[in-house]
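As given, the protein sequences belong to chains A and B, one line each in that order. So the number in the working numbering is just where the residue sits in the first sequence, counting from 1, plus 5. So the number in the working numbering is just where the residue sits in the second sequence, counting from 1, plus 1.
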Amino acid sequence: MRGRPNLYTSYEAESQLMPTRTKKVVLGLFLVVAVLMPFDLPIIDQLPVVRFLGDNVWLRLVNRALCFMIAALGLNILSGLAGQISLGHTFFGGVGAYTAVLMGGKASSNLWGWGLPMWLWLPAAGVVAAAVGIAVAPAAVRVRGLYLGIVTLGLVFIGLHLSRVFPEIAGPGALGRKWPRMELRLWKEDEPFLDFSRDGHWLWFDINKNQKTYLFLLVVVIVMAWMAANLARSRTGRALQAIRDRDVAAEIMGVPEYRYKTTAFAISSFYAGIGGALFASLSVQLPPEQWSLIGAVTFIAALLIGGMGRVSGVLMGSFFVVTSHRFVEEIVDWMKHQAEEGGVFSGFFDFLISTGQGDGGFVSVMETALGYPLPVSALDEIIYGLLIIFFLLFEPLGLYGIWIKIRNYWKGWPFSY
Amino acid sequence: MVQPLALISLDVLDLCDSQSKTNGQTMALTDGETLVVEESSRAVTIAHQIRTMSLLRPEKVAMREKDFGIWQEYTWEKTWDLVHTAAHGLLALGVDVGDRVSIQSENRPEWLILDFATVAVRGITVGFYPTNPTAEVEYLLTDCGSILHLAEDQEQVDRVLEIDSSKIAGVRKILYCEPRGVQQYDDERLLAWDDFLAIGLEHRLAHEHAVEDRMDQAHVDDVMTLVYTSGTTGPPKGAMLTHANVAYCMSYFDDAGLRGGRAPSNDDVQVCYLPLCHVAERIFSTFHAAHIGLTLNFAESIDTVQENLREVQPTLFFAVPRIWEKLHAGVMIKGADASAFKRLWLGFGFFLAGVIGRDKVANGGLHTFRSRLLAAIGYPLVFRALKERLGLRRCWYAGSGAAPIAPEILEFFMGIGVPVYELYGMTENSAIATANFPGRLKLGTVGEPLGQNRPEFGFRIDEETGEIQVKHPGVFAGYWNKPEQTAETFTDDGWLMTGDVGEWVEGTHVRLVDRIKHIIITSGGKNISPSEIENSLKTSPYVKEAMVIGDRRKFLSALIGIELDTVGDWALRKNIPYTTYRDLSEKPEVLELIQGVIKETNEKFARVEEVKRFRMIPKELDHEDGELTATQKIKRSSMEEMFNELIEEMYV
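1) Between the alpha carbons of B/Gly201 and B/His89, how many angstroms are there, rounded?
2) Return the bridge partner residues of B/Tyr229 from the DSSP annotation.
3) In chain order, which continuous runs of the alpha helix (DSSP H) of length 4 or greater are located wholly inside the segment 301–370 of chain B?
4) For B/Glu163, which residues in the same chain have their Cβ closer than 6 Å to its Cβ, ignoring the five residues on either side in sequence?
5) With a cut-off of 8 Å on the beta carbons, I'd call B/Val122 and B/Leu91 a contact; round off their distance for me.
6) Check A/Pro380 in the structure and name its three-state DSSP category.
7) Need the endpoints of the alpha helix (DSSP H) that B/Tyr425 sits in, please.
8) Please report the Cβ distance between B/Val224 and B/Ala478, rounded to the nearest whole angstrom; I am assuming they are in contact, meaning their Cβ atoms lie under 8 Å.
9) Quick test of your reading: B/Asp388 and B/Gly418, contact by CB under 8 Å. State the CB separation rounded to the nearest angstrom.
10) May I ask you to list the residues that DSSP assigns as paired with B/Ser558?
11) Please give the ranges of any beta strand (DSSP E) in the segment 194–240 of chain A, keeping only runs that are unbroken, at least 3 residues long and fully inside the region.
12) Which term fits B/Met617, buried or exposed, when burial requires 16 or more other beta carbons within 10 angstroms of its beta carbon?
13) Would you mind sorting B/Met64 into buried or exposed? The rule is 16 or more other CB atoms within 10 Å of its CB.
14) Along the chain, which unbroken stretches of the beta strand (DSSP E) at least 3 residues long are found entirely within the segment 302–364 of chain A?
15) Does A/Arg243 have its Cβ less than 8 Å from a Cβ in chain B?
16) Express the C-alpha separation of A/Leu32 and A/Phe325 in angstroms, rounding to a whole number.
17) If B/Ala538 and B/Thr602 are in contact, beta carbons under 8 Å, what's the gap, nearest whole angstrom?
18) Among all the DSSP beta bridges, which residues are the ones paired with B/Ala152?
19) Mapping DSSP to helix, strand and coil, what is B/Val221?
20) Please name the residues in the segment 8–24 of chain A whose beta-carbon is closer than 8 Å to at least one beta-carbon of chain B, in chain order.
21) Is it true that the segment 393–404 of chain B meets the segment 341–361 of chain B, where meeting means three or more beta-carbon pairs spaced less than 8 Å apart?
22) Count the CB pairs spanning the segment 33–42 of chain A and the segment 248–255 of chain A that are closer than 8 Å, and state whether there are at least three.
23) Using 8 Å as the cut-off, can you tell me whether the segment 564–572 of chain B makes contact with the segment 432–447 of chain B, which would need three or more C-beta pairs spanning the two stretches below that distance?
24) Is any beta-carbon of chain A found at less than 8 Å from that of B/Gln157?
25) Residues of the segment 316–343 of chain B with a CB closer than 9 Å to any CB of chain A: list them in chain order, please.
26) Using 10 angstroms around the beta-carbon of B/Lys67, count the other beta-carbons present and answer buried if the total reaches 16, otherwise exposed.
27) Find the residues of chain A that neighbour B/Arg311, judging by a C-beta separation of less than 7 Å, and give them in chain order.
28) For B/Met28 and B/Thr492, I'd like the C-alpha separation in whole angstroms.
29) Between A/Tyr422 and chain B, is the shortest Cβ-Cβ distance under 8 Å, so that the two count as touching?
30) By the three-class DSSP mapping on this structure, what secondary structure does A/Tyr422 have?
31) For the segment 300–317 of chain A against the segment 127–134 of chain A, do three or more pairs of beta-carbon atoms, one drawn from each stretch, fall closer than 8 Å, so that the two count as touching?
32) For B/Glu429, which option in B/Ile462, B/His473, B/Phe413 has the closest C-alpha, if you only look at C-alpha atoms?
33) How many angstroms separate the CA atom of B/Arg554 from the CA atom of B/Glu611?
34) Would you check if the segment 96–110 of chain A and the segment 260–269 of chain A touch, i.e. whether three or more CB-CB distances between them fall below 8 Å?
35) Leaving out five residues on either side along the sequence, give the residues of the same chain with a beta carbon under 7 Å from the beta carbon of B/Ile406.
36) Can you list, in chain order, the residues of its chain with a C-beta nearer than 7 Å to that of B/Ile410? Leave out the 5 residues immediately preceding and following it.
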């Protein structure tokens, strides 16, 4: 029945991802904006937030956020859907990345590498990570809560240790080794037919490497997010949510806990592997320390800020976590200009910002050591920490929860319930 | 389910077209052969109409029933197939022409299927209220002499099994729909619905045309159904409605003039939620569905009506005043609970609705320039969302009937853009009497006599007694097995005495005064209509029940029952703690509140009609306890008996 969104005549209709036309239209518009964002366009350029993403510095950051999103989607399946804490998510990202470099990297006298093309190393990165996840699962499934956190934390250190044992894979010393580029070729030494990592010319347009990478990653993110959203409403997804809400009750209802927890680890690790491989490839060269505890905590922060269990929440949270420090820098920079150029509020900004040696203020725009006045990078971390505390205390559902509140306000219109 | 559709020969299809065109009375068909019979003997029954629908629009949805959160759909093809099989089941169980089949169930597809199947085999359907207690079920079963009874679930089955089986020896089988709890019962009469259909299918395969042959012999004067009247005075009486009565009633459905130039079509959607044994819901849902082919949606229960309305968003809606009042009170309470900004916004909406409502009411229910302008402003701001929440956003015609409704409520719904029209009718005249038409609405009246341009339609108000009398082909055939009472309801020249006192308003509209039997004559010799005073009291959202007393007494007094929801909400806001219903009604603050309501009412009436004293009814009135009829009307005699002490107290 058209125009009656609450009249469900089948379970399929009830669990549709895009039940209403409005939702489809909004998503479509959002995708159009997402695709056009990296380009210089006459009208869109005028929009304030959108325009600076055309800037290459920003675009590189956004690309990192996209890689981060893929891995975070995986953690969301494990933590948000199945309710299992993991502090070792970066470990699986690392497994994916080193699988990629082993398969796709170039060999030299002291480095291993098979030089295989991306259509092989990228899926393999996910599959190997998933396999490792399955291998680790038996240990992880037996413990719950905090203990599970400790077990997964152990994985991070095992990973770091292994990277030192196998310098042939991880590369020597603190520099790490070079990752294969994002380019599609048929076989090892063929000319790439699609290259996402060099400037080029598509159709009638000049397109730089960041824009290319952005588009490629965008496609991957859309596919992965779509799969994650679908998973949540499938039989597996329902089983995982049952385990999250009460594992004993789920088992009694006939949900095999062991099997589904293992599945959750496998899928989550698959996402982490893909995300890790792409991130490494994007970064060109990385030391093994990149796959550390800090990274794992950042994933959890993204989930908390965005909202556990929802794909859209994870995407928002990831974007926020990766790009927030740039926003802080931009704001501080803007305040500095205000303070220097004068104006109604210049005194206020001058009071806040320390523009150089001897100038008073809370925040320094100079690169200084940690202390007073604060360097921008420290300010960023403080804001970040405060945000996590804020969300845990006041908005446990994260950015998604805020959206829910806004939506419910209008859903109840003209009443409050 | 096996679907032996091939059994319906498809060359019936083109005949059906001609059948629907020739307006009824003469066509009957079997197997590609047309039987043209003389005028006014063979009936096109409601079962014929279902079959026609199944051939004209086999894939269209006829019914929806919510099951485990999903609205399960029945297409017309499936519906007729089930009706056909069930009819064979009835034949297999030996249901003969004129046998009674009784149904005690909430509204659900099986109700309709068995109803139509019974009509198809020329039986007589009898509906019981799901709330009828055991004693009444016993009375009804013996009175109508049912031979087959459908009891919905364990609760209803228990009622029948409780009755001494020798007293209802005629009941051969008791069908049940919900097997839970019933399966363990050891009683030969019990038969599950699915098994019943299986029997029917077997019979259908063996005797292909048995049902359709029987169906085509239906006579217009065959009794189709017994509708038991609610019986505010004596025990319920079964009014016999014939195929001719029903056909006459249905002939009004196509009359676009009654609904502002638009007739219901098969695109319309309805929610079926009032008891189907009552003539109003029967006409408004099942007769409409069969005749027009619209879609019926069964509400899960009376408690979920609001929610179901929101899901279904019906285009046609009929409700009794109680439901309209509840919808209105719901808006007011939720509005008062909303956040400050939303309250302000709603207040603005209510203000607009007030102006629009008054304008429309003054203009016979149609827009004026000003109200149209205000509605255009109010719709996107408030009314659209408000109507969506009420489930009436797509409703283009709504009716209110079966009891008087407060004009304020009608005005409110008119104002927000739900056109509600008050109708009047009764079981005995197939609910064909008067109605308010769009454009000629008059608030406080039940409208104009329906059959304005129909010579066969007679309507008059007796000059001496003021009683409304009607005469038309929809007038019933009499009460089942009660020739004396039947004779009492007709005048010497054959007019139906409705028992309602009415008066003309401006010569065109009819205003109902009261039931003849309820008129109070005070010891001073004054004739007073208690219902008018009671209805005025009940316009207050705090008063649920009111009964005015004063027959052969010095002055009028009243028993008042409060509305627990609204008074409870009011007490909460005033910080008045209470425990039970009784406790709340006896709070001094509540007495003061009710005193205010009574004072307000007294101002509207003459001195002799003033309510001098009142007492609170200490309990919520209930059908099971015998204080209300199944349609929630007060049974005066039993009330006077039960609360005798309270009443006498007032006259000390």
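Note that beta-carbon positions come from the ideal geometry of N, C-alpha and C, so glycine has one too.
If we stick to the structure as given:
1) Distance between B/Gly201 and B/His89, taken at the CA atoms: about 5 Å.
2) In DSSP, B/Tyr229 forms a bridge with B/Gly239.
3) DSSP runs (the alpha helix (DSSP H)) wholly in the segment 301–370 of chain B: 306–313, 322–338, 341–363.
4) Within the same chain, B/Glu163 has close Cβ partners Thr135.
5) Indeed they touch by this definition, with Cβ atoms about 5 Å apart.
6) Reduced to three states, the DSSP call for A/Pro380 is strand.
7) Segment 421–425 is the beta strand (DSSP E) holding B/Tyr425; no alpha helix (DSSP H) there.
8) Distance from B/Val224 to B/Ala478 at the Cβ level is roughly 6 Å; contact confirmed, criterion being Cβ atoms closer than 8 Å.
9) The residue you asked about is not Asp; residue 388 of chain B is Lys in the sequence shown. With a Cβ gap of about 6 Å, B/Lys388 and B/Gly418 count as contacting.
10) DSSP, once it has assigned bridges, lists B/Ile550, B/Arg614 as partnering B/Ser558.
11) Within the segment 194–240 of chain A, the complete beta strand (DSSP E) runs of at least 3 residues are 205–207, 210–212.
12) Residue burial is scored here from C-beta neighbours: B/Met617 has at least 16 other C-beta atoms within 10 angstroms and is therefore classed as buried.
13) B/Met64 is buried by the Cβ-count criterion.
14) Runs of the beta strand (DSSP E) inside the segment 302–364 of chain A: none found.
15) Interface flag for A/Arg243 against chain B is unset, since no Cβ pair is found closer than 8 Å.
16) If you draw a straight line from the Cα of A/Phe325 to the Cα of A/Leu32, it comes to about 20 Å.
17) Residue identity differs from the one stated: residue 538 of chain B is Leu in this sequence, not Ala. The pair is a contact, with the Cβ atoms about 5 Å apart (cut-off 8 Å).
18) The bridge partners DSSP lists for B/Ala152 are B/Gln105, B/Tyr177.
19) Here B/Val221 carries a coil assignment [DSSP, helix/strand/coil].
20) Within the segment 8–24 of chain A, the residues whose Cβ lies closer than 8 Å to some Cβ of chain B are Gly8, Arg9, Asn11, Leu12, Tyr13, Thr14, Ser15, Tyr16, Glu19, listed in chain order.
21) Judged by Cβ distances under 8 Å, the segment 393–404 of chain B makes no contact with the segment 341–361 of chain B, as fewer than three pairs qualify.
22) Contact fails between the segment 33–42 of chain A and the segment 248–255 of chain A, because fewer than three Cβ pairs, one in each stretch, are under 8 Å apart.
23) Output reads no: the segment 432–447 of chain B does not touch the segment 564–572 of chain B.
24) Taking 8 Å as the CB threshold, B/Gln157 stays off the interface with chain A.
25) Under the 9 Å Cβ criterion, the segment 316–343 of chain B contributes Val332, Lys335, Gly336, Asp338, Ala339, Ser340, Lys343.
26) The Cβ neighbour count for B/Lys67, taken over all protein chains shown within 10 Å, is at least 16; the residue is labelled buried.
27) What B/Arg311 touches in chain A: Asn11.
28) Low confidence applies to B/Met28: its pLDDT is 41, below 50, so where it sits in the model is not reliable enough to give any reading.
29) Closer than 8 Å to some Cβ of chain B, the Cβ of A/Tyr422 qualifies, so yes.
30) When secondary structure is reduced to three states using DSSP, A/Tyr422 falls in the coil class, being assigned neither helix nor strand.
31) Below 8 Å, too few C-beta pairs join the segment 300–317 of chain A and the segment 127–134 of chain A to call them touching: fewer than three.
32) The residue with the shortest Cα to Cα distance from B/Glu429 is B/His473.
33) In this structure, the CA atom of B/Arg554 is about 13 Å from the CA atom of B/Glu611.
34) No, they do not touch.
35) Sequence-distant partners of B/Ile406 (beyond 5 residues in either direction) whose C-beta falls short of 7 Å from its own C-beta, in its chain, are Pro322, Trp325, Glu423.
36) Trp325, Glu326, His329.
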